[in-house]
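Asker: Chains as they are written, first to last, in my numbering: chain D, 13 to 307; chain G, 9 to 246.
We treat Cβ as the ideally placed atom computed from N, Cα and C, and that holds for glycine.
Once you've had a glance at the structure underneath, I'll fire off some questions.
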Amino acid sequence: MVNAIELREITHYFDGKMVLDHISLNVGKGEILGLLGPSGAGKTTLIRILTGQLAQTSGTAYLSGIETGKHAGKTRRNAGGASGRAGAPLTGMMTDDCGLYERFSAYENLHLFARIYNVPRSRIEEILRAVGLWEARNTAVSKLSKGMRQRLSFARAVLAGPQILFLDEPSCGLDPQTAAEIHGLIRQQKQAGVTVFLTTHNMQEATKLCDHTALLNGGVIVEYGPPEEICRRYHHQKKLLLRLSGGENVVLPHTKEAAETVADYLRREQIDTIHSTEPDLETVFMELTGRRIDQ
Amino acid sequence: MSLRHILTVFFKQGKDIMRNRTILIQFVLFPVLAAIMEYSVKPEELPEHFFIYMFAAMYFVMAPLTGMSAVIAEEKEKNTLRVLLMADVTPAEYLAGTGGCIFLAGMAGSCMFAVCGGFSGGKLAWFLLMMAAGTAVSLVAGAAIGVWSRNQTSAASLSVPVMMVFSFLPMLSMFNEAVGRAAKYAYSQQIYRLMAEGSSAAKGETGIVLAGNFLAVFLIFRYVCGRQQRGSKKSANR
């Protein structure tokens, strides 16, 4: 079975500086891949290469078996799409800066792209309702909140039913509730069989949403795999963290002796909370690179 | 080239111009000023329709040039152009749609000049033909500036001096002989002369100057487009 996205030894130089260093990875159809890394790691560069906006210095990239760059036009159209509609684009993209026409209403923005993609008007209503913007359809984009703009940008990306969705920092700068709404929309796309390639520096977002994550630092993929598995791989110091009713914190190793101590605390009803201290993606990233992801 | 894409961009641009007062005002202001001057100031020593021709010459340089450059620069600045190109609208389709719309807006303003001047028949056709030729050259120049510029500020700083030079040359050449000698190589001066003096004023050098101006602007436009394409394929904002 052909992978939805396939990268082979992608390398890119910018002004003599290596931005991407022999990146290779595969994304299966219907998967969500999260590309995590700090600002300047090369995430947007990789998306631009995949979407044919930028020519890589070396290496090859394929979208549903079609080589990008050489066939940029093909990778953007005539693929049938996840919607099954002939002429639908292969890819849809949500950029980090939205790129919406501010003097146009939400509806007019989608109508413009519906005409370009030759999508029926009924689809505009369907998608605006799905992202919760139907009531605000006649509001000019300049008057929409950031969260609404992000949702509209998402709606435009999925308007024509693409097979592969590129999301560049989809919830960047959004409040938790709006971010959760965007996450819900992304999950709906996955359920519809769409492959999602998203970049983020939000570890929680990646952990919640992604089937696989790739940690990118300095143009190199330093770790790859399902988020839970990555965390397990770096679970060197297995410890238990107990918060006692008196407010005291107790850290215990994963040992038989510690089990006795825990049982003792339980018998005396002294435990408020108990947690294992397996690392999260943030901790893994720090261990691998010596820097925080939001630096 | 997809006609559907061109028409979509064309109608999008039309709607946008109607809502963008800074662009729209340029297509309205000059004909209105010309009408006011034509009907309120009538010095006997000036030739007939002096203000119509003078403002029309300024108009066919300024309005399409600043309009086209501002529109493209805004699309680049706000990343809407990138999204359009990602949606498989080719640069040629985008330029055809946008240019077509601004050309039409320019010609609508030209018709207002013609109405103010009370032109009809052959005179009307000749006037509109000259305005169309001037608008076309300015449009390509504006497109070159828009493609070159990264944002609206840089587009304005480039387009203002260019349009000042070309739009004021016809007027300045009336007061200064040296300026007049230089101005005859500018399309705005030649078109102004053809409008004011009629087709009988056309000489061999007129055609050469107009063709030369158009070719020069077109070559600059091609160079700028090529440079932009090479640049965007190489560089990236990570």
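1. Here's the rule: buried if 16 or more other CB atoms are within 10 angstroms of the residue's CB, otherwise exposed. What is residue 266/D?
2. Under three-state DSSP, which class holds residue 90/D?
3. By the criterion of Cβ-Cβ separation under 7 Å, what are the contact partners of residue 97/G in chain D?
4. Taking just the CA atoms, how far does residue 56/G sit from residue 217/G?
5. Does residue 86/G come within less than 8 Å of chain D when only Cβ atoms are used?
6. Can you find a CB in chain D that lies within less than 8 Å of the CB of residue 29/G?
7. Out of curiosity, what's the CA-to-CA distance linking residue 158/D and residue 184/D?
8. Whose C-beta lies closer than 8 Å to the C-beta of residue 339/D among residues of the same chain, with five residues either side of it excluded?
9. Can you give the Cα-Cα distance for residue 151/G and residue 77/G, rounded to whole angstroms?
10. Starting from residue 229/D and walking both ways along the beta strand (DSSP E), at which residues does that stretch end?
11. Beta-carbon separation of residue 46/G and residue 59/G under 8 Å?
12. Out of curiosity, what's the CA-to-CA distance linking residue 139/G and residue 108/G?
13. Going by the CB atoms, is the gap between residue 16/D and residue 31/D shorter than 8 Å?
14. What in chain B is Cβ-close to residue 101/D, meaning under 8 Å?
15. Considering only residues of the same chain and omitting the five flanking positions on each side of residue 93/G, which have a CB-CB separation below 8 Å?
16. With the cut-off set at 8 Å, would you say residue 200/D and residue 182/D are in Cβ contact?
17. Examine the Cβ distances between the segment 58-69 of chain D and the segment 213-225 of chain D and report whether three or more of them are shorter than 8 Å.
18. Using a C-beta to C-beta distance shorter than 7 Å, which residues of chain D count as neighbours of residue 16/G?
19. Who pairs with residue 46/D in a beta bridge, going by DSSP?
20. From the DSSP secondary-structure annotation, give me the bridge partner or partners of residue 265/D.
21. By the 8 Å beta-carbon criterion, what residues does the segment 223-245 of chain D contribute toward chain G?
22. From the DSSP output, in three-state form, read off residue 79/G for me.
23. For residue 18/D, which of 268/D, 218/D, 229/D and 209/D has the nearest alpha-carbon?
24. If you check the beta carbons only, do residue 111/G and residue 169/G fall under 8 Å apart?
25. So, is the C-beta of residue 111/D closer than 8 Å to a C-beta in chain G?
26. Do we get a CB-CB distance below 8 Å when we pair residue 115/D with the residues of chain G?
Answerer: Per the coordinate set shown:
1. Walking along the first sequence from the start, residue 266/D turns up at place 254. That one is exposed.
2. Here residue 90/D refers to the residue found at position 78 when the first sequence is read from its first residue. The predicted position of residue 90/D is uncertain, since its pLDDT is 47 and thus under 50; a value taken from the coordinates is nonetheless stated next. Of the three classes helix, strand and coil, the one that applies to residue 90/D here is coil, per DSSP.
3. Along the second sequence, read from residue 1 onward, the residue named residue 97/G stands at position 89. The contacting residues are 128.
4. Counting from 1 along the second sequence, the entry for residue 217/G is found at position 209. Counting from 1 along the second sequence, the entry for residue 56/G is found at position 48. Roughly 26 Å between the two C-alpha positions.
5. In the second sequence, residue 86/G corresponds to position 78, counting from 1. For residue 86/G, at least one C-beta of chain D is nearer than 8 Å to its own C-beta.
6. Numbered from its first residue, the second sequence carries residue 29/G at position 21. No, residue 29/G does not count as interfacial toward chain D.
7. Translated into the one-based positions of the first sequence, residue 158/D becomes position 146. Translated into the one-based positions of the first sequence, residue 184/D becomes position 172. Taking the straight line joining both Cα atoms gives about 10 Å.
8. In the structure as shown, chain D begins at 13 and stops at 307. Residue 339/D is therefore absent and cannot be evaluated.
9. Here residue 151/G refers to the residue found at position 143 when the second sequence is read from its first residue. Here residue 77/G refers to the residue found at position 69 when the second sequence is read from its first residue. Using only the alpha carbons, I get a separation of about 5 Å.
10. Your numbering for residue 229/D matches position 217 in the first sequence. 224-229 is the span of the beta strand (DSSP E), which, as asked, contains residue 229/D.
11. The residue given as residue 46/G occupies position 38 in the second sequence. The residue given as residue 59/G occupies position 51 in the second sequence. For the 8 Å CB-CB criterion, residue 46/G and residue 59/G form a contact.
12. In the second sequence, counting from the first residue as 1, residue 139/G sits at position 131. In the second sequence, counting from the first residue as 1, residue 108/G sits at position 100. Distance between the alpha carbons of residue 139/G and residue 108/G: 15 Å.
13. The residue given as residue 31/D occupies position 19 in the first sequence. The residue given as residue 16/D occupies position 4 in the first sequence. No, these two residues do not count as a Cβ contact at 8 Å.
14. No chain B is present in this structure, whose protein chains are D and G.
15. As a first step, residue 93/G is located in the second sequence; it is residue number 85 there, counting from the start. Excluding positions up to five away in sequence, the list reads 99 and 102.
16. Start at 1 with the first residue of the first sequence, and residue 200/D comes out as number 188. Start at 1 with the first residue of the first sequence, and residue 182/D comes out as number 170. In this structure, residue 182/D does not lie closer than 8 Å to residue 200/D by Cβ.
17. As far as the Cβ criterion goes, the segment 58-69 of chain D does not touch the segment 213-225 of chain D, which means the pair count is below three.
18. Position 8 of the second sequence, counting from 1, holds the residue named residue 16/G. Under a criterion of Cβ atoms nearer than 7 Å, the residues of chain D adjacent to residue 16/G are, in order, 124, 127 and 128.
19. One-based indexing of the first sequence puts residue 46/D at position 34. Note: residue 46/D sits in a beta bridge opposite 210/D and 225/D.
20. Against the first sequence, residue 265/D aligns to sequence position 253. According to DSSP, residue 265/D bridges with 251/D.
21. none
22. By 1-based counting over the second sequence, the position of residue 79/G is 71. Helix.
23. Residue numbering aside, residue 18/D sits at position 6 when the first sequence is read from its first letter. Nearest option by C-alpha distance: 209/D.
24. Translated into the one-based positions of the second sequence, residue 111/G becomes position 103. Translated into the one-based positions of the second sequence, residue 169/G becomes position 161. No, these two residues do not count as a Cβ contact at 8 Å.
25. Taking the first residue of the first sequence as position 1, residue 111/D is located at position 99. So, interface residue.
26. Within the first sequence, numbered from 1, the residue matching residue 115/D stands at position 103. Taking Cβ atoms only, chain G reaches closer than 8 Å to residue 115/D, which makes this a yes.
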